[in-house]
Amino acid sequence: MKFSLYQASRKGGRPYNEDRLAYASSNSTLLLVLADGMGGHAHGEVASQLTVDTVCRLFKDQAQPSLDDPSGFLLEAIYSAHEAVNAYAVEHDLPEPPRTTCVACVVQQGRAVWAHVGDSRLYHFQRDRFRSHTRDHSMVQQLVDRGLINEAEAQQRVERNMLYNAIGGFMLPDIEVSDPVPLHEGDLILLCSDGFWDELTAEEMLAQLQARPLREAIHLLMDTAEGRGGPRCDNLSALALRFGPEPVAG
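Numbering (the UniProt record's numbering), first residue to last: 1 to 250.
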């Protein structure tokens, strides 16, 4: 199976970066993971780092060389990350646990399965079309789901990034897990934080990712997102996977 990977992260207009991302692999299985520490809570960068570290550590322990149950692994790993964040809060006598979003994907035997908490997204592009992205666990998305507002109206709501679901805190995260999805040559998997996707359309992402090697495409997309975000641009991160050969650099 031939594939390529690229990841990048910027702090945007914020004083520091609370996003964390990583990938890990065995001989037959690949893990991608991204977490975005929630800025409304102290130590968000700790929560995101603990989440990425915990998921990667469990992957390395269990992918020997493949995972028996990728969906079950994702559930276990994210719940373990939640426990690690809360344990950190107790150990350091914090008034409340820090919080983070998370999106993680396992690729094994030509299929991908992913899980997420919060509004960090996974996009799936199939050759020349946008296939799907994960559903945000936000207050505004609940209004869209109920038919009270449409997607265009949701983009204009100032509270669109208010989340009801996170890793860390006194409630267990409600982890949403996908069905396994077959991957074919030319497919793209993109994990990204809200500072990235909030400023870009799926069509813009696909146009760049199709036409250029991942490194070039991700940097161009980040330039666009950061420029649109302006001086108060959020942290922005992306981790992209392409199945099949890279296009020739333009």
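From the three backbone atoms N, C-alpha and C, an ideal C-beta is built for every residue, glycine too.
query                                                                                                                                               : result
Measure the CB-CB distance between E246 and S4 and report whether it falls below 8 Å.                                                               : yes
What do you reckon, are the CB atoms on F130 and E203 nearer than 8 Å?                                                                              : yes
Apart from the five residues just before and just after A225, which ones in its own chain have a Cβ nearer than 6 Å to its Cβ?                      : F196, E199, L200 and L236
Does the Cβ-Cβ distance between L21 and L239 come in under 8 Å?                                                                                     : yes
Can you tell me whether Q109 is buried or exposed, with buried defined as 16 or more other CB within 10 angstroms of its CB?                        : exposed
What would DSSP say about F130, mapped onto helix, strand or coil?                                                                                  : strand
Quick one: residues in its chain with C-beta nearer than 7 Å to the C-beta of A84, no 5 flanking neighbours on either side, listed in chain order?  : L50 and T54
Look at the alpha carbon of G13 and the alpha carbon of P231, and state the distance between them as a whole number of angstroms.                   : 5 Å
Is it true that the stretch 121–129 meets the stretch 183–190, where meeting means three or more beta-carbon pairs spaced less than 8 Å apart?      : yes
Under a Cβ-count criterion, where at least 16 other Cβ atoms within 10 Å of its own Cβ denotes burial, should N161 be classed as buried or exposed? : buried
Would DSSP call G37 helix, strand or coil?                                                                                                          : strand
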